[in-house]
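Under the working numbering, think of the first position of the sequence shown as 585, with each following residue one higher. Let me begin by presenting the structure, written as structure tokens, before commenting on it.
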Amino acid sequence: MAKHIESMYPEKWLSRASAGEKIACELRISIVSGLIENGTILSENKIAADFSVSRSPVREALKILGSENMVRLERMGAVVNGVTDRHIEEIYDVRLMIESFVFERLSKADTVPLSNELEKIFEMMKVAIKYGDADEFSFQDILFHETIIKAIDHSYILMIWNNLKPVMESLILLSMRVRFKEKYEDFARVLANHELYIEAIRTKDRDLMIQSLHQNFDDVQGKVEDLWMSQRLLTKGAKKDES
Numbered sequence: 585m586a587k588h589i590e591s592m593y594p595e596k597w598l599s600r601a602s603a604g605e606k607i608a609c610e611l612r613i614s615i616v617s618g619l620i621e622n623g624t625i626l627s628e629n630k631i632a633a634d635f636s637v638s639r640s641p642v643r644e645a646l647k648i649l650g651s652e653n654m655v656r657l658e659r660m661g662a663v664v665n666g667v668t669d670r671h672i673e674e675i676y677d678v679r680l681m682i683e684s685f686v687f688e689r690l691s692k693a694d695t696v697p698l699s700n701e702l703e704k705i706f707e708m709m710k711v712a713i714k715y716g717d718a719d720e721f722s723f724q725d726i727l728f729h730e731t732i733i734k735a736i737d738h739s740y741i742l743m744i745w746n747n748l749k750p751v752m753e754s755l756i757l758l759s760m761r762v763r764f765k766e767k768y769e770d771f772a773r774v775l776a777n778h779e780l781y782i783e784a785i786r787t788k789d790r791d792l793m794i795q796s797l798h799q800n801f802d803d804v805q806g807k808v809e810d811l812w813m814s815q816r817l818l819t820k821g822a823k824k825d826e827s
């Protein structure tokens, strides 16, 4: 798929995506970052020209974004709803509920295979930090949590996670790009939080599980609130090639 616009979404993440899904990813991250503003009317013809495609994959992309409430499909075009601070808070409220439920289930399961798998992902996270690769770190971070969620084999929990994932990916990717540039030293604490997750799962220590959840989600909703919630900083994250 040829494009006349600069890609913000990592190509690696789109290797199996259809043309419509790829366009949806690019539009979504532009909306989340604020580069496409709330209230903007998206034209099928303009998007098709920007991506050098027919209108069919554009319609697919807009339908996907409509299902996520990122746009409203109206007669004059797709109207951008945007992402507010409240939307972001609600996403992480649901994540906290999901992961709390998953941890409770894991306390009654054999967690050795899961702990070993998480250790492998954790090593890849450390490599990404070492080489300053925000996109790879974001990929591994999402994989880390998704691996935990998939471990309980609960189809409806996974369905909720998959519904959250597209917007969450954009939020994490944009915020990590900013953090790598401006708060790189903070990743020692981020890694420590993930180590605590693994230890809590390995030992099935409920108190440790609660502590690891709070450290992770208090971080998201508190200490780095400016990175997760500020539209200005999310827009900075969209400019991935700037030093």
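Each residue gets a CB set at the ideal place from its N, CA and C atoms; glycine is no exception.
Output the distance between the C-alpha atoms of residue i and residue j, rounded to the nearest integer angstrom.
{"i": "Asn629", "j": "Asp737", "result": "42 Å"}
{"i": "Glu674", "j": "Val667", "result": "11 Å"}
{"i": "Gly806", "j": "Asn800", "result": "The predicted position of Gly806 is uncertain, since its pLDDT is 45 and thus under 50; a value taken from the coordinates is nonetheless stated next. Roughly 10 Å between the two C-alpha positions."}
{"i": "Ile741", "j": "Phe687", "result": "12 Å"}
{"i": "Ser705", "j": "Ile782", "result": "Residue 705 is actually Ile in this sequence, not Ser. So the alpha carbons of these two residues sit roughly 11 Å apart."}
{"i": "Asn747", "j": "Ala662", "result": "20 Å"}
{"i": "Ser591", "j": "Glu610", "result": "7 Å"}
{"i": "Glu809", "j": "Thr731", "result": "Caution is warranted here: a pLDDT of 41 is assigned to Glu809, below 50, making its placement in the model unreliable, and the coordinate value is therefore given only provisionally. If I take the Cα positions, the gap works out to 25 Å."}
{"i": "Asp791", "j": "Phe685", "result": "14 Å"}
{"i": "Lys828", "j": "Lys714", "result": "There is simply no residue 828 to check, as the chain begins at 585 and stops at 827 in what is shown."}
{"i": "Val664", "j": "Asn700", "result": "42 Å"}
{"i": "Val637", "j": "Glu707", "result": "39 Å"}
{"i": "Met681", "j": "Met760", "result": "23 Å"}
{"i": "Val711", "j": "Ala632", "result": "38 Å"}
{"i": "Phe723", "j": "Phe771", "result": "15 Å"}
{"i": "Leu780", "j": "Tyr768", "result": "20 Å"}
{"i": "Asp634", "j": "Ser602", "result": "17 Å"}
{"i": "Ala586", "j": "Ile733", "result": "With a pLDDT of 48 at Ala586, under the threshold of 50, the modelled position of this residue cannot be trusted; read the value that follows with caution. Their backbone Cα atoms lie some 36 Å apart in a straight line."}
Buried or exposed: residue i, going by 16 or more other Cβ atoms within 10 Å of its Cβ?
{"i": "Lys606", "result": "buried"}
{"i": "Thr695", "result": "buried"}
{"i": "Arg763", "result": "buried"}
{"i": "Arg639", "result": "exposed"}
{"i": "Glu683", "result": "buried"}
{"i": "Arg679", "result": "buried"}
{"i": "Val774", "result": "buried"}
{"i": "Gly604", "result": "buried"}
{"i": "Tyr593", "result": "buried"}
{"i": "Ser843", "result": "Look at the range of the chain in this structure, 585 to 827, and you will see that residue 843 is not part of it."}
So if DSSP puts residue i in a beta bridge, which residue, or which two residues, is it bridged to?
{"i": "Val663", "result": "Ile625, Arg656"}
For residue i and residue j, which I take to be in contact (beta-carbon distance under 8 Å), what is that distance rounded to the nearest angstrom?
{"i": "Ile756", "j": "Asp725", "result": "6 Å"}
{"i": "Leu690", "j": "Ala735", "result": "7 Å"}
{"i": "Leu657", "j": "Arg612", "result": "Not really, about 15 Å apart at Cβ, beyond 8 Å."}
{"i": "Phe728", "j": "Met709", "result": "7 Å"}
{"i": "Pro750", "j": "Glu652", "result": "6 Å"}
{"i": "Leu626", "j": "Leu646", "result": "7 Å"}
{"i": "Leu702", "j": "Ile794", "result": "Wrong, their Cβ atoms sit about 18 Å apart, outside the cutoff."}
{"i": "Val616", "j": "Ser754", "result": "4 Å"}
Q: Scan the region 753-813 and note each continuous alpha helix (DSSP H) run of 4 residues or more that stays entirely inside, going in chain order.
A: 771-787, 790-802, 809-813
Q) Which runs of the beta strand (DSSP E) spanning at least 3 residues fall entirely within the region 679-728, listed in chain order? A) none
Q | Contiguous alpha helix (DSSP H) assignments of at least 4 residues, all confined to the region 603-651 | A | 603-617, 628-635, 639-651
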